Structures are given as C-alpha cells and as structure tokens.
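Novice: So that we are looking at the same thing, I have put the structure below in structure tokens.
And the structure:
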C-alpha cells in the first residue's frame, strides 16, 4: 500500500511578472515595483493588504541548483529569524512552495522589511552628507554590529550596499550569506575562527584576511566599518586596490607601514616578507587626506582602521568614542543572550537536505499551509 501524502492546505496565491521572472505569492501581497535583480534573484516592493505595510519580497529562482548558494540562503534565513534588532533587517514571512513534493521545491521567497535605498547609492548620489549624517549612519552600523557580535556571529561582508537606509536615515544591516559563527574560549576579544574562504569585498577587507593569517575574529568587521566611515566622508573608496598586493600597498601608504615588531599577528612567513618589503614612506596625515574634517571623527575612524587587529577598536570601544557621545546610550544598545546555533553547518548538506531544511523554515511562518516535507521517493 502506498504512503498517503498530506498536501499543503491551499492558500490564495496569484502570479505576476517581475523582471525576467514570474512571482507566485500570497494574494495579500500586491506588486508595487521591481526594486532590483542580481546573481541571487529578484527583489520587488509589495503592499501587504493585511498589515497595510510595504514590504520587500526576494525571489531566489532555482535556489537549489548550486549547493553552496543554497547553503548561503539557508544561513541567511536562520540568522534573520534569530536576530531581533532595530538595525538589522527582519524577515517577516516566507511563501509556501507551490509544489507537492520536496524534490520539486525550487523557488524560495523571502519577505522582509522594505527600505528605500542603500548607503552605496547615497554615497554616489548628489545628496549632501553632513558630518552629522556620517555620525548617525556609522553609529547605527556599530549598534547593530554590537548585537551581531553578541550572538557570536561575524558578518564578514560589511560594505555600503549591504547597509539599507530610509529617507529618515534609519539604517539596517543586511546580507548575512557569508556570516560565520565564532566561539569564545575566554573573555575579552573573543575567540577566533579559521580562514576558510573568500570573504568581504576587497576594498573593505581587513589586512589580516589578505595576509592569509590562519585565524581572524571580530576586528575584521570593525575594519570594514572604518572603511565605510572613510568612504562616507570622501564619497569614494579609501582603499581602492586592484588586487591583494595593491590593496595592502595602498593601506600601508595611507596609514603607515607596520614595524617588524608589530607583525606578530601575521602567521605566514611569505606574508611577513611582503610586509617588510613595502616602501617605508611617511603617510600623509589624515587631516590632509580628509580636508575640512574635524579631529574627532578622524580619530574614531583611525582607531577602527588600526592595521594590527589586536589594537583595533572593538565595537564597544568605538561606541564609547567621544565622536559618538551625542548618540551613545548603553541602555539602548541591546545585546543578545542567545548565541546563534551554527550546528547545521557541520552537517553534509546535499541538495535534498537543503530543500528539506528551507522547507522547514517556511513551515515556521506558515504552519497551517505546509506539512512535513513529503518526498516523491520516500525511503522504505
């Protein structure tokens, strides 16, 4: 006798074109416009008729055609569900798959907070940015990052396009597909993790990553914030390297070459030799590189961009800097008491298992619309 398959209770859906794709979503959501598209899918803005709130809906077509990409999607869904913070984008709903069997599950829909733009677009627009704007944007990034790090998570890909912004200057951090967990063996700066893959867009990448150090930790995210800080003031990247060697050369030229005694964090002999061979030029002062900028923000930024990771500001130290004093309020900078559980990463995640895990995530949002994932060819 064949197993009985319990199909998902139907929910009212409708379809419409967006970009080069067709969206099939709950009828409560109506298309406003296509916001953008990229390698990982299409994003639209939509009106939620139930809450009367505009939302963003991201569709990832053929989400399971590449297991690495599917794992990134799973990681991001789990992280966004775990986080509860004003400066981190929220996931508010997911669409039930419109297929009866797990093997046919292909398109993933994620409904999240809708933001009007991102920091990259603002930086390269004609919008005037005062130092107060810079202060408020960077403060919010640090506030969100404090929470992320308290979850024992490294973002690893902070850059202006991953910082979403509204017209009232509210900011939310997004794109956690490259995030990784970290375990603290002791109090203080925290634990470290092995460098295993390409992380962070080059211009925002910390020196310890490019120097192939075996381990890295929370300071890599702080370095990225410092780079964004500089870019907001200059309206162009501060370290626009063409490759690793060019990137490190520019960093040393603008911030100063490290003395040999400060290369203790570099674990590769080859990388140490490279750093020793860099030209010993006296860097131009930051006040000359950032004309018209007062010393206070430059000092805060410089401490976030110390080449030595153990001397670099922590998020907490950065928040306490006098530049952020008008905004800093320890009582309103929440942290999490629950580290994020990355145990699912230890499992060998093949396509069918990734389909199953993301199906389960959808079920958390739509328990009445989705059964336990039925397989067409269930194990006997």
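Numbering (my numbering), first residue to last: 1496 to 1875.
Where a beta carbon is used, it is the ideal one built from N, C-alpha and C, also for glycine.
It should be emphasised that the depicted structure is a prediction, and the values quoted were computed from it without experimental measurement.
1) Assess, as a yes-or-no matter, whether the stretch 1648-1663 is touched by the stretch 1700-1716 under the definition of 3 or more beta carbon pairs within less than 8 Å.
2) So, with DSSP's three-state summary, where would you put residue 1788?
3) Here's a check: name, in chain order, each residue in its chain whose Cβ is nearer than 8 Å to the Cβ of residue 1742, leaving out the five neighbours to either side.
4) Per DSSP, what kind of secondary structure is residue 1776 in: helix, strand or coil?
5) Among 1782, 1803, 1790, 1558, which one has its Cα closest to the Cα of residue 1762?
6) What runs of the beta strand (DSSP E), each 3 residues or longer, lie entirely inside the stretch 1530-1601?
7) DSSP three-state call for residue 1520: helix, strand or coil?
8) Quick check on DSSP: helix, strand or coil for residue 1744?
9) Using CA atoms only, rank isn't needed, just tell me which of 1805, 1794, 1801, 1810 is closest to residue 1817.
10) Once the 5 residues before and after residue 1580 are set aside, which same chain residues still bring their CB inside 7 Å of it?
11) I'd like to know whether the C-beta atoms of residue 1552 and residue 1539 end up nearer to each other than 9 Å.
12) Is residue 1783 buried or exposed, if buried means 16 or more other CB atoms sit within 10 Å of its CB?
13) Based on Cα-Cα distance, which residue from 1549, 1750, 1666, 1840 lies nearest to residue 1606?
14) Which residue wins for smallest C-alpha separation from residue 1766, given the options 1702, 1716, 1517?
15) What are the partner residues of residue 1508, as DSSP defines its beta bridges?
16) Does DSSP put residue 1676 in a helix, in a strand, or in coil?
17) Would you grab the beta carbon distance between residue 1589 and residue 1521 for me? Rounded to a whole angstrom, and I think it's under 8 Å.
18) What's the call for residue 1619, buried or exposed, on a 16-neighbour Cβ count within 10 Å?
19) Below 6 Å CB to CB, which residues in the same chain sit around residue 1528 once its five sequence neighbours on both sides are set aside?
20) What three-state label does DSSP hand residue 1605 in the structure shown?
21) Per DSSP, which one or two residues make a beta bridge with residue 1667?
22) Could you name the residues that DSSP lists as bridge partners for residue 1612?
23) Are there 16 or more other CB atoms within 10 angstroms of the CB of residue 1621, so buried, or fewer, so exposed?
24) Helix, strand or coil: how does DSSP classify residue 1701 here?
25) Apart from the five residues on each side of it in sequence, which residues of its chain come closer than 8 Å, Cβ to Cβ, to residue 1586?
26) For residue 1933, which of helix, strand or coil comes out of DSSP?
27) Starting from the Cα of residue 1617, find the closest Cα among 1636, 1582, 1661 and give me that residue.
28) Would you call residue 1657 buried or exposed, if buried means 16 or more other Cβ atoms sit within 10 Å of its Cβ?
Specialist: On the basis of the supplied data:
1) Taking 8 Å as the limit for Cβ pairs, the verdict is that the stretch 1648-1663 does touch the stretch 1700-1716.
2) Reading the chain shown from its first residue, position 293 is the one you call residue 1788. DSSP, reduced to helix, strand and coil, places residue 1788 outside both helices and strands of the structure shown, so it counts as coil.
3) Within the chain shown, the letter at position 247 stands for residue 1742. Cβ neighbours of residue 1742 beyond the five flanking positions: 1697, 1698, 1700, 1705, 1734, 1736.
4) Your numbering for residue 1776 matches position 281 in the chain shown. Residue 1776 carries a coil assignment under DSSP once its states are collapsed to helix, strand and coil.
5) In the chain shown, residue 1762 corresponds to position 267, counting from 1. Nearest C-alpha to residue 1762: 1803.
6) Counting only runs of 3+ residues, the beta strand (DSSP E) found wholly inside the stretch 1530-1601 occupies 1536-1543, 1548-1555, 1586-1589, in chain order.
7) Walking along the chain shown from the start, residue 1520 turns up at place 25. It is a strand residue.
8) Mapped onto the chain shown, residue 1744 falls at position 249. Residue 1744: helix per DSSP, three-state reduction.
9) Counted from its first residue, the chain shown places residue 1817 at position 322. Taking each of 1805, 1794, 1801, 1810 in turn and checking the Cα distance to residue 1817, the smallest one comes out for 1794.
10) The count along the chain shown starts at 1 and reaches residue 1580 at position 85. Shown here for residue 1580: same chain residues with a beta carbon closer than 7 Å to its own, the five before and five after excluded, namely 1639, 1642, 1829 in chain order.
11) Along the chain shown, one-based indexing puts residue 1552 at 57. Along the chain shown, one-based indexing puts residue 1539 at 44. A Cβ-Cβ contact shorter than 9 Å links residue 1552 with residue 1539.
12) To locate residue 1783, count along the chain shown from 1; it is residue 288. It is exposed - the Cβ of residue 1783 has fewer than 16 other Cβ atoms within 10 Å.
13) Counted from its first residue, the chain shown places residue 1606 at position 111. Ranking 1549, 1750, 1666, 1840 by CA distance to the CA of residue 1606 puts 1549 first.
14) Here residue 1766 corresponds to residue number 271 of the chain shown, with the count starting at 1. Proximity to residue 1766 across 1702, 1716, 1517 peaks at 1702, based on C-alpha coordinates.
15) Position 13 of the chain shown holds residue 1508. Paired residue(s): 1521.
16) On the chain shown, position 181 is the one that residue 1676 refers to. Under the three-state reduction of DSSP output, residue 1676 falls in the strand class.
17) Numbered from 1 along the chain shown, position 94 holds the residue referred to as residue 1589. Numbered from 1 along the chain shown, position 26 holds the residue referred to as residue 1521. The pair is not a contact, with the Cβ atoms about 10 Å apart (cut-off 8 Å).
18) What you label residue 1619 is simply residue 124 of the chain shown in a count that begins at 1. Looking at its Cβ environment, which holds fewer than 16 other Cβ atoms inside 10 Å, residue 1619 is exposed.
19) For the purposes of this step, residue 1528 is identified with residue 33 of the chain shown, where counting begins at 1. Excluding sequence neighbours, residue 1528 sits near 1540.
20) For this step, residue 1605 is matched to residue 110 along the chain shown. Residue state, collapsed to three classes: strand.
21) As a position in the chain shown, residue 1667 is number 172, starting the count at 1. According to DSSP, residue 1667 bridges with 1659.
22) On the chain shown, position 117 is the one that residue 1612 refers to. Looking at the DSSP output, residue 1612 shares a beta bridge with 1660.
23) Looking up residue 1621 in the chain shown gives position 126. Classification for residue 1621: exposed.
24) The sequence position of residue 1701 within the chain shown is 206, counting from 1. In this structure, residue 1701 counts as coil in the three-state DSSP scheme.
25) Mapped onto the chain shown, residue 1586 falls at position 91. So the qualifying residues of the chain are 1572, 1575, 1576, 1605, 1606, 1607.
26) For residue 1933 there is no data in the structure shown, the boundaries of the chain being 1496 and 1875.
27) Residue numbering aside, residue 1617 sits at position 122 when the chain shown is read from its first letter. The residue among 1636, 1582, 1661 with its C-alpha nearest the C-alpha of residue 1617 is 1661.
28) Position 162 of the chain shown, counted from the start, is the residue given in the question as residue 1657. Classification of residue 1657: buried, given that the 10 Å Cβ count is 16 or more.
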